[in-house]
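Going from the sequence shown to the working numbering is simple: count from 1 and add 4.
Just so you know, even glycine gets a beta-carbon here, dropped at the ideal spot from N, CA and C.
Below you'll find the structure, written out as structure tokens, and then a few comments.
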Amino acid sequence: MEVVIRPAPELATLAADIVEAAVRADPASVLGLATGSSPLAAYNALVRRHHENGLSFAGCRAFMLDEYVGLPLDHPARYANVIREAFTARVDFRDSKIHGPDANADDLPAACAAYERLIAQSGGVDIQIVGIGADGHIGFNEPGSSLGSRTRLKTLTGQTLADNARFFGGDVSAVPRHCLTQGLATIMSARHVVLLAVGQSKAEAVHQLAEGAVSARWPASVLQHHPHVTALVDEPAASMLELAGYYRETYAAKPPWQRL
Ligand code: GLP
Numbered sequence: 005m006e007v008v009i010r011p012a013p014e015l016a017t018l019a020a021d022i023v024e025a026a027v028r029a030d031p032a033s034v035l036g037l038a039t040g041s042s043p044l045a046a047y048n049a050l051v052r053r054h055h056e057n058g059l060s061f062a063g064c065r066a067f068m069l070d071e072y073v074g075l076p077l078d079h080p081a082r083y084a085n086v087i088r089e090a091f092t093a094r095v096d097f098r099d100s101k102i103h104g105p106d107a108n109a110d111d112l113p114a115a116c117a118a119y120e121r122l123i124a125q126s127g128g129v130d131i132q133i134v135g136i137g138a139d140g141h142i143g144f145n146e147p148g149s150s151l152g153s154r155t156r157l158k159t160l161t162g163q164t165l166a167d168n169a170r171f172f173g174g175d176v177s178a179v180p181r182h183c184l185t186q187g188l189a190t191i192m193s194a195r196h197v198v199l200l201a202v203g204q205s206k207a208e209a210v211h212q213l214a215e216g217a218v219s220a221r222w223p224a225s226v227l228q229h230h231p232h233v234t235a236l237v238d239e240p241a242a243s244m245l246e247l248a249g250y251y252r253e254t255y256a257a258k259p260p261w262q263r264l
């Protein structure tokens, strides 16, 4: 795992650089898109590059990490709507090429299996953007998630319900208790995972991600087994890293030919 500690605006630029390089090399790239506030600045950077430098997503496909169960289709907090507003509708991404687990299906396990099949049929995710929850969740894989999990139903923790109440007018009781999420093994199948973490509230989760024991207690720690993870973290999020000095030296001494 490569840990890059830089100010938040630069992290957004680096994440956008990774996505742009992939899309320019292969206009049919498959992107894994995350919601939450962490990737927003990176999406804004990509939107600017679309308008100013002609970066096109017309040939790309996207898979979302997760979705709340049972929200009305037009609910503004539904992740399918959130990602459209935050990113895809602001560029030339085709709606028909943006996929998420069908969390309104009558048969949720069948919808999860169908989602896994679709990701596989599309050749798998090339670049997966992820945020991280304060409890170390990625997607909605809460503590205790199987490290071998695939897309399935999960119950959100009280902490996550409280964290996400801000998207429901501050009303915790309005946040759905259940969600469908790509599993940890699904996320591990992406070729390159780009994790963004900003702010002090992520410090413990970032420490466990990079330096803790690999454990379902801190689900993101499974990424230690992935061959290509770039963890982009700002100073407050890096504040509990034991090897922060080494990560800084490594990044400062990065050979010019070596990309993220
Ligand atoms: C939600 C999302 C996650 C996201 C997390 C952190 O729980 N399902 O994908 O990583 O929130 O959100 P934020 O980036 O706003 O801190």
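Can you find the residues in the same chain that come closer than 8 Å, C-beta to C-beta, to residue i, ignoring five residues on each side of it along the sequence?
{"i": "S149", "result": "H141, K158, G187, L188, A220, P223"}
{"i": "G128", "result": "V34, S193, A194, R195"}
{"i": "A178", "result": "A169, F172"}
Within the continuous alpha helix (DSSP H) that includes residue i, where are the two ends?
{"i": "D21", "result": "12-29"}
{"i": "G162", "result": "162-168"}
{"i": "I142", "result": "Premise fails: I142 is in no alpha helix (DSSP H) and is neither H nor E."}
{"i": "H280", "result": "A query on residue 280 cannot be resolved here, the shown segment of the chain reaching from 5 to 264 and no further."}
{"i": "V51", "result": "44-57"}
For a test of your reading of the model: does the CB of residue i fall under 8 Å from any non-hydrogen atom of ligand 1? Yes or no.
{"i": "F144", "result": "yes"}
{"i": "D238", "result": "no"}
{"i": "T159", "result": "no"}
{"i": "H141", "result": "yes"}
{"i": "V134", "result": "yes"}
{"i": "A38", "result": "yes"}
{"i": "L75", "result": "no"}
Please work out which residues of its chain come closer than 7 Å, Cβ to Cβ, to residue i, disregarding the five sequence neighbours upstream and downstream, and give them in chain order.
{"i": "V176", "result": "L165, A166, A169"}
Taking the beta strand (DSSP E) that residue i belongs to, which residues open and close that run?
{"i": "V8", "result": "6-9"}
{"i": "M68", "result": "65-68"}
{"i": "T342", "result": "Limits of the chain in this structure are 5 at one end and 264 at the other, which puts residue 342 out of reach."}
{"i": "A201", "result": "196-201"}
{"i": "Q125", "result": "Note, Q125: premise wrong, no beta strand (DSSP E); alpha helix (DSSP H) at 112-125."}
{"i": "T190", "result": "Element bounds for T190: not the beta strand (DSSP E) but the alpha helix (DSSP H), 188-192."}
{"i": "T234", "result": "233-237"}
I'd like the list of long-range same chain contacts for residue i, defined as Cβ closer than 6 Å, with 5 residues on each side in sequence excluded.
{"i": "S243", "result": "A207"}
{"i": "Q212", "result": "G140, W222, S225"}
{"i": "I123", "result": "F67"}
I need the straight-line Cα distance from residue i to residue j, nearest angstrom please.
{"i": "E120", "j": "L15", "result": "30 Å"}
{"i": "A117", "j": "L184", "result": "11 Å"}
{"i": "Y72", "j": "S60", "result": "29 Å"}
{"i": "A115", "j": "L77", "result": "16 Å"}
{"i": "L199", "j": "D110", "result": "33 Å"}
{"i": "D238", "j": "I131", "result": "21 Å"}
{"i": "T190", "j": "S153", "result": "7 Å"}
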